[in-house]
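**Student:** Listed in order, the protein sequences are those of chains A and B.
Its first residue numbered 30, the first sequence is counted upward by one per residue in my numbering.
Its first residue numbered 3, the second sequence is counted upward by one per residue in my numbering.
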Amino acid sequence: MNFLRVVDSIFKPSIAFAHCDVPCGIYDPRPAQIAAETVVKMVEKIEGLTKENPTVADRNLFVRAVWTKEEHARKCKEELLILWTDFFKPEHLEMFPSLHETFWKAAKLCSLNKQEVSMEAALELKKAVDEIAGMFAKAKASIKK
Amino acid sequence: MTIFPFSRFVVNDRSMVPNYEPGDHVLTFNWWYVRLGDVVVFEADNKFFIKRVNKLVNNLVFVGGDNLRESSKFAPINRKQVVGRVVLKY
């Protein structure tokens with residue numbers, strides 16, 4: 030190990046950031062989008078299950094799908110909160126006057142999808158998250174200019 | 003895949019505490035496939051990052067920090083972004 034340290038003193042190693050999202054400023058809406066798509070898939074699975082005389086396997090799948098829906102709706106809300114509070118700045122309100130309302134509605138849809146099994150609500154959540162992803166892309170593009 | 007089989011890095015910041023503290027030196031082995039649970043160094047936005055592999059879905063690698071107290075959210079990365087997996091801390 031000392032040998033490697035000697036090598037490092039001559040040839041400096043690169044820095045590997047074990048960063049947290051706030052300091053390094055690297056954000057991405059994809060985790061929120063993946064979570065929202067998972068909610069849609071789970072609602073699809075739940076609605077596709079046999080309602081009359083479900084088997085043990087059906088019940089097992091039902092429980093797992095509900096749990097996964099719950100977990101991903103929660104994850105979606107968490108990811109949206111990070112984008113809302115950490116990435117978007119006050120100057121972005123000029124570009125997106127309805128920014129706060131869009132995020133608030135999306136967060137509400139996350140909760141609604143936990144409470145209900147509704148394809149309509151799941152698709153609305155996906156649409157809301159995709160809208161936020163669009164805002165993110167435009168905001169990021171404006172930073173690079 | 004990187005040309006060199008090994009690479010050296012110094013850890014900066016705290017999202018891998020307690021397993022990797024700021025200032026730890028790590029050696030990666032770059033000529034191997036990524037596995038679940040591996041600690042990897044990857045490249046993003048012209049910087050190197052060190053995280054643990056939490057999930058693998060096709061070519062997407064989901065990574066996260068070991069430090070549960072500090073938020074360490076990171077979008078899934080492509081396998082091609084992985085430089086190597088950490089094999090030694092020194």
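All residues carry an ideal CB built from backbone N, CA and C; glycine is no exception.
Locate the beta strand (DSSP E) running through residue 56(B), then write down its first and last residues.
**Tutor:** Per DSSP, residue 56(B) belongs to the beta strand (DSSP E) from 49-59.
**Student:** Report yes or no: is there a C-beta of chain A within less than 8 Å of the C-beta of residue 15(B)?
**Tutor:** At least one chain A Cβ lies under 8 Å of residue 15(B).
**Student:** Identify whether residue 38(A) lies in helix, strand or coil by the three-state DSSP scheme.
**Tutor:** Of the three classes helix, strand and coil, the one that applies to residue 38(A) here is helix, per DSSP.
**Student:** Apart from the five residues just before and just after residue 64(B), which ones in its own chain have a Cβ nearer than 6 Å to its Cβ?
**Tutor:** Result list for residue 64(B): 56, 57 and 78, in chain order.
**Student:** Can you round the beta-carbon distance between residue 10(B) and residue 27(B) to whole angstroms, since I take them to be within the 8 Å contact cut?
**Tutor:** Rounded, the Cβ-Cβ distance is 7 Å, consistent with contact.
**Student:** Output, in chain order, the set of chain A residues within a Cβ distance shorter than 8 Å of residue 87(B).
**Tutor:** Under the 8 Å cutoff, chain A gives no residues; its nearest Cβ is about 12 Å from residue 87(B).
**Student:** Grab me the residues of residue 140(A)'s own chain with a C-beta within less than 8 Å of its C-beta, minus the 5 sequence neighbours each way, in chain order.
**Tutor:** Only 102 and 106 meet the Cβ criterion.
**Student:** Just mark residue 92(B) as buried or exposed, buried being the case when its beta carbon has 16 or more other beta carbons within 10 Å.
**Tutor:** It counts as exposed.
**Student:** Check this for me: beta carbons of residue 50(B) and residue 13(B), under 8 Å apart or not?
**Tutor:** No. Outside cutoff.
**Student:** For chain A, find out if any of its Cβ atoms is closer than 8 Å to the Cβ of residue 6(B); answer yes or no.
**Tutor:** Closer than 8 Å: no.
**Student:** Would you tell me roughly how many angstroms separate the C-alpha atoms of residue 88(B) and residue 42(A), rounded to the nearest one?
**Tutor:** Straight-line Cα distance between these residues: approximately 14 Å.
**Student:** Can you pull the chain B neighbours of residue 165(A), defined as C-beta to C-beta under 8 Å?
**Tutor:** Ordered by position in chain B, no residue passes the 8 Å Cβ test against residue 165(A), which lies about 11 Å from the chain.
**Student:** Apart from the five residues on each side of it in sequence, which residues of its chain come closer than 8 Å, Cβ to Cβ, to residue 38(B)?
**Tutor:** For residue 38(B), where only same-chain residues beyond five positions count, the Cβ hits under 8 Å are 55, 56, 57 and 58.
**Student:** Just to confirm my understanding: we take residue 59(A), look at its own chain, exclude 5 residues before and 5 after, and list those with CB closer than 7 Å. What are they?
**Tutor:** Excluding positions up to five away in sequence, the list is empty.
**Student:** Are any of the Cβ atoms in chain B nearer than 8 Å to that of residue 169(A)?
**Tutor:** It does not: the Cβ of residue 169(A) has no partner Cβ on chain B nearer than 8 Å.
**Student:** Flag residue 67(B) as yes if its beta-carbon sits less than 8 Å from any beta-carbon of chain A, otherwise no.
**Tutor:** Interface residue, yes.
**Student:** Would you say residue 10(B) reaches chain E, if we count a Cβ-Cβ gap shorter than 8 Å as a contact?
**Tutor:** The chain inventory of the structure shown lacks chain E, comprising the protein chains A and B.
**Student:** Rounded to a whole number of angstroms, what is the C-alpha to C-alpha distance between residue 159(A) and residue 83(A)?
**Tutor:** Cα to Cα, the separation comes out at about 35 Å.
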